[in-house]
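A.B. asks: Here you go, one structure.
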């Protein structure tokens with residue numbers, strides 16, 4: 238196993254999972270609105286979906302984008318539409334009531350969202366194509382990349398969630414909550430720009 242390559246994969250995973258994007262905006266918003274436990278379920282769903290997406294990419298699914306570039310456009314359009322819908326839901330959410338978790342995203346929604354999240358596809362295709370080895374070392378290196386992304390994704394996801402938990406302390410009135418929801422909606426909508434950049 239090439240440890241230099243794994244170190245590079247870890248650096249890529251840290252940057253890809255730790256920088257602002259749709260998943261991290263959802264985690265911050267969820268932690269602020271619903272607390273840690275519902276957000277942990279969402280985080281685990283996101284990581285399950287990303288791992289499944291990376292595994293399917295390792296099995297050859299990512300090659301479809303090279304064969305049919307129109308699939309990339311379709312994914313961008315669907316992903317942008319879903320992100321804008323999520324932004325509208327976040328921005329129009331009522332002020333948080335203590336103990337109300339009914340509107341929180343489930344782990345299944347977090348997992349399925351990865352298949353509409355162009356950043357997740359970009360991470361999966363880039364990681365598998367860039368950090369796996371040829372021949373007999375392909376699957377050992379692919380599994381190593383999946384494990385690296387799982388561990389660093391959970392760590393960075395927790396950082397964004399804890400940021401949301403910290404923000405929760407500053408929101409006291411319905412007006413504070415409305416402003417926060419609108420700000421998170423704006424950031425979620427702005428992540429659409431990253432898709433088309």
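Residue numbers (our numbering): 238 to 434.
Using N, Cα and C, we set each Cβ at its ideal position, and we do this for glycine too.
Nothing here was measured: the structure is a model prediction, and the numbers come from that model.
1) With distances taken between CB atoms, is the gap from residue 265 to residue 360 smaller than 8 Å?
2) For residue 385, which residues from the same chain have a beta carbon less than 8 Å from its beta carbon, with the 5 sequence-adjacent residues on both sides left out?
3) Using a Cβ-Cβ cut-off of 6 Å (strictly less than) and excluding sequence neighbours within five positions of residue 400, which residues of its own chain qualify?
4) If we count the other Cβ atoms within 10 Å of its Cβ and call it buried at 16 or more, is residue 392 buried or exposed?
5) Whether or not the segment 315-326 and the segment 403-412 are in contact is what I'm after, with contact meaning three or more pairs of Cβ atoms, one per stretch, closer than 8 Å; do they touch?
6) How many Å lie between residue 342 and residue 314 at the Cα?
7) Entirely within the segment 282-334 and at least 3 residues each: give me those beta strand (DSSP E) ranges in chain order.
8) Ends of the alpha helix (DSSP H) at residue 387?
9) How many angstroms separate the CA atom of residue 328 from the CA atom of residue 371?
10) Is the beta carbon of residue 262 closer than 8 Å to that of residue 425?
11) On the CB-based measure, 16 or more other CB atoms within 10 Å of its CB, does residue 310 come out buried or exposed?
12) Quick check on residue 240: buried or exposed, where buried means 16 or more other Cβ atoms within 10 Å of its Cβ?
13) Between residue 280 and residue 380, what straight-line distance do the alpha-carbon atoms span, to the nearest angstrom?
14) Whole angstroms are fine: how far does the CA of residue 272 sit from the CA of residue 294?
15) Could you check if residue 335 is buried or exposed, using at least 16 other CB atoms within 10 Å of its CB as the buried criterion?
16) What separation, rounded to the nearest whole angstrom, lies between the Cα atoms of residue 413 and residue 388?
17) Quick check: residue 277 and residue 357, are their CB atoms within less than 8 Å of each other?
18) So is residue 410 buried or exposed if we call it buried at 16+ other beta carbons inside 10 Å?
19) Sorted by chain position, which residues of the same chain lie with C-beta nearer than 7 Å to residue 353's C-beta, five sequence neighbours on each side aside?
20) Do the CB positions of residue 330 and residue 418 come within less than 8 Å of each other?
C.D. replies: Put simply:
1) Residue 360 sits away from residue 265, with the two beta carbons spaced by 8 Å or more.
2) If we look at residue 385 and ignore the five residues flanking it on each side, its Cβ neighbours are 243, 246, 247, 250.
3) Once the five neighbours on either side are set aside, the close Cβ partners of residue 400 are 265.
4) Taking a 10 Å sphere around the C-beta of residue 392, we find fewer than 16 other C-beta atoms and assign the residue as exposed.
5) Three or more Cβ pairs closer than 8 Å define a contact, and the segment 403-412 falls short of that threshold against the segment 315-326.
6) Answer to the nearest angstrom: the Cα atoms are 22 Å apart.
7) Complete beta strand (DSSP E) runs here, min 3: none at all.
8) 375-405 is the extent of the alpha helix (DSSP H) around residue 387.
9) Those two C-alpha atoms are separated by around 47 Å.
10) Less than 8 Å divides the Cβ of residue 425 from the Cβ of residue 262.
11) Result: exposed.
12) So residue 240 counts as exposed.
13) Annotation: residue 280 to residue 380 spans about 20 Å, alpha carbon to alpha carbon.
14) Residue 294 and residue 272: Cα-Cα distance of roughly 33 Å.
15) With a pLDDT of 48 at residue 335, under the threshold of 50, the modelled position of that residue is not reliable, and no figure is offered here.
16) So the two alpha carbons sit approximately 34 Å from each other.
17) Here residue 277 is not near residue 357, since their CB atoms are 8 Å or more apart.
18) An exposed status is given to residue 410, since fewer than 16 other beta-carbon atoms sit within 10 Å of its beta-carbon.
19) For residue 353, where only same-chain residues beyond five positions count, the Cβ hits under 7 Å are 315, 316, 319.
20) It is a contact, given that the beta carbons lie within the stated cut-off.
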